[in-house]
Amino acid sequence: MAAPLLVLRNLTVDFHNGERLSRAVDIAEFEIGAGEAVGVVGESGSGKSVTWLAALGLLPTRASVGGSVRIDGQELVGAPAATLERLRGKRIAMIFQDPSSCLNPVHRIGWQLSEALGLHRGLESAAAQAEALRLLDQVGIADARRRLSDYPHQLSGGLNQRVMIAMALAGQPDLLVADEPTTALDATIQAQILVLLRTIRRDTGMALVLISHDLGVVAENVDRVAVMYAGRLVEEAMGADLFGAARHPYTQGLLAALPALTGPRQRLTAIPGTVPDPWSVSSGCRFAPRCPVAEPRCAQQPPPSRRIGLLHRAACHLAVEAGRSVWAMPQAAE
Ligand code: SF4
């Protein structure tokens, strides 16, 4: 079996606030294969984005990152700034939810693309211009030559996201981390961007991490899914296994909250409460205060991640049976 492209071991992120310390991320192990598409899901505050910002060395200095993140054996955690500069964009690139706040408003699109091409591939002048044009074509921007002279504010949100994707592709990365790339877009443009990402993956063989709170978006666009809760990885499986036979009570709760597309109208099942404040999490299972089947030991002992199938792992003290949800069946709407 080929070695994984990216290996994450014992990754921790601690935020300091005076004397207080909060552990926002605590992930024992996680791997991504070359060319693989992995979805990372969970509610807001579950640590999805912080995990990848930490991996790329993009967190502010009040955050301490521990453990290891290696891409093709090259360590990222604690790497010198020059090494990170070389790897970011070239080996791993990241795009964000709001492209207009990531693009520089005072520079033209062509200038920003050329700068990325110079930095990552050493292209200059005419060569950079030609490659910028090709990238805009690749991401489906019509009249690319004219768009090179535009400023970000002259483009729609969907076009700006395409420009961000073009900039991410400028370094020909092996892995693209897309952090809620379609959340700020309307449904039609969202579908177009997701098709674009699928096409680029097919054409380039690039691996993808798709961070989203939208299970529908993830289900259609990835091979494998990782579920995060309060900074921990609670379940990980191939998409069909996760959506068809989730074993962790939190994952089952997320799925139970989805509306059925067919059948009679039903009241949706909601997970009570909210994701805990990272400054006040307990030492045991962080989902315990919201879990309908929590036992006394859950609040004291963190559950180990156990293998429950070939590529299926869950971190829960209970061996929840496949096909049985711990959440009550939804009741018929009145
Ligand atoms: Fe629920 Fe306990 Fe499993 Fe946590 S370890 S999800 S509290 S049953």
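Numbering (my numbering), first residue to last: 2 to 335. Idealized CB from N, CA, C, for every residue including glycine.
Rounded to a whole number of angstroms, what is the C-alpha to C-alpha distance between residue 52 and residue 248? 23 Å
Cβ-Cβ distance between residue 17 and residue 69 below 8 Å: Taking 8 Å as the Cβ cut-off, residue 17 and residue 69 do not qualify as a contacting pair.
Residue 230 versus 170, 277, 219 and 115, residue with shortest Cα-Cα distance: Taking only the C-alpha atoms, the option nearest residue 230 is 277.
Quick check: the Cα distance between residue 227 and residue 98, rounded to an integer number of angstroms? 19 Å
Under the three-state reduction of DSSP, which class applies to residue 207: helix, strand or coil? In the structure shown, residue 207 sits in coil (DSSP, three-state: anything other than H, G, I, E or B).
Best match in 273, 39 and 317 for proximity to residue 213 [C-alpha to C-alpha]: 39
CA-to-CA distance, residue 12 to residue 189, given in whole angstroms: 37 Å
Near residue 237, which residues of its chain fall below 6 Å by C-beta distance, leaving aside the five closest residues on each side in sequence? 227 and 314
Should residue 24 and residue 232 be called a contact, given that it needs their Cβ atoms to be closer than 8 Å? Contact flag set, yes.
Alpha carbon to alpha carbon, what distance is there between residue 46 and residue 280? 12 Å
What residue range is occupied by the uninterrupted beta strand (DSSP E) comprising residue 320? No beta strand (DSSP E) contains residue 320, which DSSP labels as neither H nor E.
With which residues is residue 18 paired in a DSSP beta bridge? Per DSSP, the beta-bridge partners of residue 18 are 21.
Apart from the five residues just before and just after residue 154, which ones in its own chain have a Cβ nearer than 8 Å to its Cβ? 101 and 106
Using only Cβ atoms and a threshold of 7 Å, which residues come within that distance of a heavy atom of the ligand SF4? Order them by chain position. 249, 250, 251, 286, 288, 289, 292, 294, 295, 296, 299, 304, 317, 318 and 319
Between the stretch 269 to 276 and the stretch 244 to 260, can you find at least three pairs of beta-carbon atoms closer than 8 Å? yes
Are the beta-carbon atoms of residue 109 and residue 59 separated by less than 8 Å? no
Assign residue 174 to one of two classes, buried (16 or more other C-beta atoms within 10 Å of its C-beta) or exposed (fewer than that). buried
Is residue 183 buried or exposed, if buried means 16 or more other CB atoms sit within 10 Å of its CB? By the neighbour-count rule (16 or more Cβ atoms within 10 Å), residue 183 is buried.
Going by beta-carbon coordinates alone, are residue 28 and residue 234 separated by less than 8 Å? Taking 8 Å as the Cβ cut-off, residue 28 and residue 234 qualify as a contacting pair.
Residue 90 and residue 121: beta carbons closer than 8 Å? yes
At the level of alpha carbons, what is the spacing between residue 258 and residue 298? 27 Å
In angstroms, rounded to a whole number, what distance separates the CA positions of residue 194 and residue 104? 17 Å
Put residue 64 into one of helix, strand or coil per three-state DSSP. strand
List the residues that DSSP assigns as beta-bridge partners of residue 180. Looking at the DSSP assignment, residue 180 forms a beta bridge with 212.
State the Cα-Cα distance for the pair residue 290 and residue 302, rounded to the nearest angstrom. 13 Å
So, at 6 Å on beta carbons, what are the nonlocal neighbours of residue 312 in its own chain, with the 5 sequence-adjacent residues on each side left out? So the qualifying residues of the chain are 239.
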